[in-house]
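Residue numbers for the sequence shown follow UniProt numbering, beginning at 1 and rising by one.
Following: one structure in structure tokens, then a few remarks.
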Amino acid sequence: MASESFICDWSRCSSKHKKTHSKPYKCETCHVSFGLNSDLQRHIKARHRAGQPLHRCHYPKCDFSTIRKDNLNKHIRKKSHQYSVEQQKDMVTEAEKEIPSTSGSALAAADKGVVGGFNTSILLQAAASGNIELVETCLQVGVPIESRADDGSTPLHCAARAGQVDAMALLIQEGADITTRNLSGMTPVAQAIRSHNLDALKVFYDDKVWERVFHTNAIESEHKKLLVKYGTSEMFQAHLNQFGRSYDGVSQEALFLAIHHGNVSLAIGLLDYPNIDVNKEYGQNRRRPIDIATQYNRLEIMRHLIKIPSIDLLSRTRREDTVLHIAAREGHLKMVKLLLGQEKSFINARTLKNESPLHLASFQRHTKVVEYLLSVPGIDTDGKDSAGSTALQLAAFKGRWETVHLLLEHQNARFLQGFSTNLLGTCEPFVRTEVVRRLLKHKDFKDPNIGEPWGPRSRSLLHLAAARVDCELIEILLEHKDINVNALTACKRTPLYQAAECGQVEAVKLLLQHPDIQLDMKDWHGRTSLRIAKVRKYDEIVDLLISYGAKDDEANTLSTITQPTTASNAANTITPQTTSSQPNNEFILTPRTTLLMGI
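Written out as structure tokens, the structure is:
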């Protein structure tokens with residue numbers, strides 16, 4: 001019987017699948033959704049259950065192991081650890097023979113000491129599923145209560161991670177070790193916290209149990225950090241109540257950490273507490289809750305923050321960054337939209353370096369953010385930072401050509417009435433070569449030889465194109481009548497030197513064709529392009545430079561004639577002429593000889 005096909009009714013999706021977009025199966029622990037129940041169960045098993053058996057790679061000297069068998073298959077294919085079925089069976093058999101079988105071996109007791117049909121695996125599964133009767137039976141027939149899974153988890157770990165309260169109480173009553181750590185360093189208490197189950201955590205807060213768990217301040221601090229990262233506000237409150245503390249002493253720091261880790265439940269719970277100051281700065285960088293929420297793109301937390309009447313959206317960090325600067329720098333488009341929906345007055349706000357949000361988004365290649373910022377009325381596209389650079393110049397020097405395209409289109413469109421805010425959908429098609437030609441006609445690049453504004457190098461567009469072996473850009477720049485093919489950076493490096501240093505053969509060939517190219521210019525260390533190519537052992541570039549007439553100062557004899565020194569004249573030389581290697585008997589008076597002679 002043919003399988004049934006489902007045509008997706010989701011917008012702009014033509015695939016034949018079902019429930020892929022609606023994702024009706026939700027994980028109650030981490031709130032991730034799936035389209036299939038089988039995917040949900042696999043997720044729960046891999047992420048929210050301790051004590052799962054591991055699938056290991058049997059390739060020699062490979063320690064890879066994973067809970068999911070399909071991940072093992074991917075590993076084997078990626079690392080080329082394939083063997084035939086017979087070879088794999090032989091290797092597994094040999095590995096089992098190496099397992100010690102003495103009665104004192106814990107591993108032998110766990111895997112080979114089957115008691116009445118009950119073994120370690122059954123006990124672990126019973127604890128994770130909350131099957132009390134089966135747990136009791138396993139313990140009665142002699143299965144060790146401290147049996148270990150492949151990941152080092154005990155039955156108490158498994159029960160705590162799955163939130164099986166009754167199984168936890170039974171195991172603790174039977175003497176299970178509460179402080180045991182698995183291979184990940186997690187205690188049963190930590191697993192209970194990660195289960196998001198308040199009742200599971202309260203098992204360890206029983207008067208007869210909690211002193212055995214939190215017997216040192218270090219352990220208490222460790223679990224408090226886990227609560228901030230994974231716990232709910234109710235779990236955090238229960239922890240504080242157990243230790244006789246109030247929110248006042250720890251809630252402010254906990255709020256910052258909860259936002260940092262994306263613990264939405266705890267963060268929102270703490271924000272509702274009356275003594276929380278949402279504008280208080282934290283740490284050496286003097287960051288506030290909204291700064292952290294913006295940096296890590298915590299949209300749900302930010303929506304709750306901006307509803308608080310006392311929140312100050314226009315406050316700044318030590319670098320004079322607003323939250324809009326942070327969102328633009330990180331490229332968080334939805335956060336940018338959310339912030340500008342609340343407050344549009346800081347669209348042109350400046351940092352200590354006089355950078356606007358548009359500067360930062362253009363520099364970091366966040367094209368979608370740039371597009372949205374350009375749609376906001378009043379955006380200043382001509383503003384300059386403290387180095388004198390516009391957003392257009394920053395995008396061009398970083399090679400963000402699609403961003404350059406948007407900025408050029410916006411500056412053309414802003415003089416027309418009713419231009420669309422969706423620039424990517426209405427502007428001219430993006431063709432990089434045409435964008436570069438338009439850029440060179442713009443007022444910001446009236447001089448095509450201007451250098452990048454940051455750092456001590458001050459490389460021009462030609463320097464950057466040579467280093468990136470961007471041959472299309474090199475050809476367009478060399479066509480410009482005002483281009484200086486021998487332009488120097490602050491380190492006195494030419495574009496030819498830059499290309500030779502980076503081993504870019506094609507870029508060197510293009511630069512050598514320019515009639516004004518000078519081959520023997522030196523950087524501030526006295527090295528020529530030929531010298532740096534020799535140091536980097538780029539033999540093809542060395543041969544190319546010598547064939548065009550570059551001087552080899554280190555050779556005992558000149559490999560080419562010293563004139564002409566430009567590539568255009570050198571190209572007219574059919575056969576390089578070498579000088580005579582006969583010794584010269586003429587005495588030359590040098591500074592060293594004058595010193596030795598006492599002159």
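Here a beta-carbon is modelled for each residue, glycine too, at the ideal position from N, C-alpha and C.
Here the structure is a predicted model, which is why all the values come from computation and not from measurement.
- Annotated as proximal: residue 182 and residue 153, with beta-carbon spacing under 9 Å.
- In the structure shown, residue 445 falls within a helical segment according to DSSP collapsed to helix, strand and coil.
- Here residue 436 is buried: its Cβ has 16 or more other Cβ atoms, across all protein chains shown, within 10 Å.
- Ranking 444, 314 and 523 by CA distance to the CA of residue 351 puts 314 first.
- For residue 543, the enclosing alpha helix (DSSP H) begins and ends at 539 to 547.
- In the structure shown, residue 33 adopts extended strand secondary structure according to DSSP, grouped into three states.
- Beta-bridge partners of residue 26 (DSSP): 33.
- For residue 275, the closest alpha carbon among the candidates 474, 253, 296 and 501 is that of 253.
- Per DSSP, the unbroken alpha helix (DSSP H) holding residue 464 starts and ends at 461 to 467.
- Nearest neighbour of residue 384 by Cα position, chosen from 399, 430, 344 and 453, turns out to be 453.
- Counting along the chain, no alpha helix (DSSP H) covers residue 492, and no H or E run does either.
- With respect to the 9 Å criterion, residue 163 and residue 206 are not classified as neighbours on the basis of their beta carbons.
- When the Cα atoms are used, residue 462 and residue 481 turn out to be separated by approximately 14 Å.
- Residue state for residue 367 is assigned as helix, using DSSP reduced to three classes.
- Excluding residues up to 5 positions away in sequence, 278, 279, 290 and 305 lie with their Cβ nearer than 8 Å to the Cβ of residue 311 in the same chain.
- Taking a C-beta distance under 9 Å as the contact criterion, residue 353 and residue 316 do not qualify as a contact pair.
- Taking every protein chain shown into account, the CB of residue 197 has 16 or more other CB atoms within 10 angstroms, so this residue is buried.
- At the C-beta level, residue 161 and residue 128 come within 9 Å of one another.
- Taking every protein chain shown into account, the CB of residue 260 has 16 or more other CB atoms within 10 angstroms, so this residue is buried.
- Nearest to residue 232 by C-alpha distance, out of 548, 485, 28 and 497, is 28.
- Residue pairing by DSSP puts residue 287 in a beta bridge opposite 282.
- Between residue 370 and residue 395, the gap from beta carbon to beta carbon is short of 9 Å.
- The shortest CA-to-CA distance from residue 367 to any of 405, 139, 63 and 32 is the one to 405.
- Counting only residues of its own chain and dropping the five nearest sequence neighbours on each side, residue 285 has a CB closer than 7 Å to the CB of 317 and 318.
- Ranking 511, 123, 503 and 72 by CA distance to the CA of residue 535 puts 503 first.
- The C-beta of residue 433 has fewer than 16 other C-beta atoms within 10 Å across all chains shown, which makes the residue exposed.
- Residue environment: residue 243 is assigned as exposed (fewer than 16 neighbouring CB atoms within 10 Å of its CB, all protein chains considered).
- Residues of the same chain with a CB within less than 7 Å of the CB of residue 430, apart from the 5 flanking positions on each side, are 402 and 405 in chain order.
- Straight through space, the alpha carbons of residue 338 and residue 501 are spaced by roughly 46 Å.
- Residues 500 and 501 of the same chain have their beta carbon placed closer than 6 Å to that of residue 532, with the five preceding and five following residues left out of the count.
- Spanning the alpha carbons of residue 121 and residue 155 requires a straight line of approximately 10 Å.
- For residue 533, the enclosing alpha helix (DSSP H) covers residues 529 to 535.
- Here residue 232 carries a coil assignment [DSSP, helix/strand/coil].
- Nearest in C-alpha terms to residue 511, of all of 179, 523 and 498, is 498.
- Membership of residue 269 in the alpha helix (DSSP H) is indicated by the continuous run 264 to 271.
- Beyond the five residues adjoining it in sequence on each side, residue 362 comes within less than 6 Å, by CB distance, of 370, 391, 394, 395 and 403 in the same chain, given in chain order.
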